[in-house]
Amino acid sequence: MESLDLSVLADALNWRRAGRAVTLVTVVQTWGSAPRPPGSLLAVRDDGVVSGSVSGGCVEDDLIARTKARFRQVDGVALALEKPAMIAYGVTQEEAARFGLPCGGSLRLVQEPLLDTTWVEQLLAYTAAHQLVARTLTLATGAVRLMPVPRGHAMQFDGSTLTTVFGPKWRLLLIGAGQLSQAVAQIGVMLDFDVLVCDPREEYAAVLMAGMQGVRRMDGMPDDVVRELVPDTHTAIVALTHDPKLDDMALLEALQSDAFYVGALGSRRNQEARKRRLAEHFDVSAEALGRLHGPVGLALGAKTPAEIAVSIVAEIVQAKNAVAAFTATAAPGSCVLP
Numbered sequence: 028m029e030s031l032d033l034s035v036l037a038d039a040l041n042w043r044r045a046g047r048a049v050t051l052v053t054v055v056q057t058w059g060s061a062p063r064p065p066g067s068l069l070a071v072r073d074d075g076v077v078s079g080s081v082s083g084g085c086v087e088d089d090l091i092a093r094t095k096a097r098f099r100q101v102d103g104v105a106l107a108l109e110k111p112a113m114i115a116y117g118v119t120q121e122e123a124a125r126f127g128l129p130c131g132g133s134l135r136l137v138q139e140p141l142l143d144t145t146w147v148e149q150l151l152a153y154t155a156a157h158q159l160v161a162r163t164l165t166l167a168t169g170a171v172r173l174m175p176v177p178r179g180h181a182m183q184f185d186g187s188t189l190t191t192v193f194g195p196k197w198r199l200l201l202i203g204a205g206q207l208s209q210a211v212a213q214i215g216v217m218l219d220f221d222v223l224v225c226d227p228r229e230e231y232a233a234v235l236m237a238g239m240q241g242v243r244r245m246d247g248m249p250d251d252v253v254r255e256l257v258p259d260t261h262t263a264i265v266a267l268t269h270d271p272k273l274d275d276m277a278l279l280e281a282l283q284s285d286a287f288y289v290g291a292l293g294s295r296r297n298q299e300a301r302k303r304r305l306a307e308h309f310d311v312s313a314e315a316l317g318r319l320h321g322p323v324g325l326a327l328g329a330k331t332p333a334e335i336a337v338s339i340v341a342e343i344v345q346a347k348n349a350v351a352a353f354t355a356t357a358a359p360g361s362c363v364l365p
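Just so we're aligned: the sequence shown equals residues 28 to 365 in our numbering.
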């Protein structure tokens, strides 16, 4: 779930607190070239004001009209209908053309009146604490349940219940807190990574943590932090200190983990020297060293810290999406959040 969708829920909560009626709309299935993926969220206020998107603008006007029609006036107060409902767009070529869906794409949506906001408040609190949460909606009753889930859990829809996942599904651990790390961290937060920073050099880390929201500092030496983190297939690790004493030990642990991406800053000459050190002094295998991305980042001709950060995160996203395409969906969690 993207941070945009959490912003949608925050807007919806504020509207309800102000006494307005709100309908949530979630993409549950797509075919063809649908503009937005399953799980995308839109909130429509009773007067037609919207937050979020489910089609990139193709069907929002029709959704606004439909949603406004679902409200009725009782003593001057707008009330929503009580149960969720299904709606489809672009089922035929004619409808696809009417609503501007590309290449004959089509999508199914769930419209849901937002009546009880307790779950929204809880969900926003859990995700603010970096917890990954699944929300299950029962269409027949409108009942909502929140559950913790592991990374890799995907949206599920069986026609009667809809489960969507909110929170940081991917982790990014940065070794080093210099200027480049600040730029990488900022982009990582925007892309919904759970961004972690480890730098025992207080003079660097203090500046980063003072100026960045959504970033967590991990105390300790980098190799200890990597080991304690137990990196999984949804974790990326990038060494950016340019100090072998910090970078090499962290990379030693990272290359032996399940992290889907391991990268290190440095020229080709520095990377070859690093690989020799790791092989000769720590007996790191050629296969493990082959996993190391370095020089880190895509070859964009980047010069400034911001441009280099773009190249680094672009390569991480490239690797992430390749991993996601082959990641099996984890089993749903079994315990209910308090």
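All residues carry an ideal CB built from backbone N, CA and C; glycine is no exception.
*Out of THR190, GLY293, SER208, LEU316, state which residue places its alpha-carbon closest to the alpha-carbon of LYS302.*
Taking the sequence shown and counting its residues from 1, the one referred to as residue 302 is at position 275. LYS302 has its Cα closest to that of LEU316, out of THR190, GLY293, SER208, LEU316.
*Please report the residue range of the beta strand (DSSP E) in which PRO175 lies.*
One-based indexing of the sequence shown puts residue 175 at position 148. In the DSSP annotation of this structure, the continuous segment of the beta strand (DSSP E) that includes PRO175 starts and ends at 171 to 175.
*ARG304 lies in the alpha helix (DSSP H); which residues open and close that run?*
Position 277 of the sequence shown, counting from 1, holds the residue named residue 304. Note, ARG304: alpha helix (DSSP H), 295 to 309.
*Which first and last residues belong to the beta strand (DSSP E) in which GLY75 is found?*
Here residue 75 corresponds to residue number 48 of the sequence shown, with the count starting at 1. Taken as a continuous stretch (DSSP letters only), GLY75 belongs to no beta strand (DSSP E), as it is neither H nor E.
*Buried versus exposed call for ASP250 [16 or more other C-beta atoms within 10 Å across all chains shown]*: Position 223 of the sequence shown, counted from the start, is the residue given in the question as residue 250. Looking at its Cβ environment, which holds 16 or more other Cβ atoms inside 10 Å, ASP250 is buried.
*Thinking THR168 and MET182 are a contact (beta carbons under 8 Å), I'd like their distance in whole angstroms, please.*
As a first step, residue 168 must be located in the sequence shown, where it is residue number 141. As a first step, residue 182 must be located in the sequence shown, where it is residue number 155. The pair is not a contact, with the Cβ atoms about 20 Å apart (cut-off 8 Å).
_To test your reading of the DSSP string, which unbroken alpha helix (DSSP H) runs of 4 or more residues are found completely within the region 161 to 243?_
With a minimum length of 4 residues, the continuous alpha helix (DSSP H) runs that stay inside the region 161 to 243 are 206 to 217, 229 to 238.
*For ALA315, name the three-state secondary structure that DSSP assigns.*
Taking the sequence shown and counting its residues from 1, the one referred to as residue 315 is at position 288. In the three-state reduction of the DSSP assignment, ALA315 falls in the helix class.
_Comparing C-alpha positions only, which one of ALA333, LYS330, LYS272, LEU267 sits nearest to GLY321?_
Reading the sequence shown from its first residue, position 294 is the one you call residue 321. The closest CA to that of GLY321, considering only ALA333, LYS330, LYS272, LEU267, is found on LEU267.
*Residue range of the unbroken beta strand (DSSP E) whose run includes GLN138*: Position 111 of the sequence shown, counted from the start, is the residue given in the question as residue 138. Where GLN138 is concerned, the enclosing beta strand (DSSP E) starts and stops at 133 to 140.
*Give a yes or no on whether the C-beta atoms belonging to ARG162 and PHE193 are separated by under 8 Å.*
As a first step, residue 162 is located in the sequence shown; it is residue number 135 there, counting from the start. As a first step, residue 193 is located in the sequence shown; it is residue number 166 there, counting from the start. Cβ distance < 8 Å, so ARG162 and PHE193 count as in contact.
*Could you tell me whether the region 139 to 158 touches the region 71 to 79, using the rule of 3 or more Cβ pairs below 8 Å?*
Using a C-beta cut-off of 8 Å, the region 139 to 158 makes no contact with the region 71 to 79, since fewer than three inter-stretch Cβ pairs fall below that distance.
*Taking VAL147 as part of the alpha helix (DSSP H), name the residues at either end of that continuous run.*
Within the sequence shown, numbered from 1, the residue matching residue 147 stands at position 120. Boundaries of the alpha helix (DSSP H) harbouring VAL147: 145 to 155, taken from the DSSP string.
*asked:* Please tell me whether ALA70 and LEU51 are closer than 8 Å, where the distance is taken between their beta carbons.
replied: Along the sequence shown, one-based indexing puts residue 70 at 43. Along the sequence shown, one-based indexing puts residue 51 at 24. In this structure, LEU51 lies closer than 8 Å to ALA70 by Cβ.
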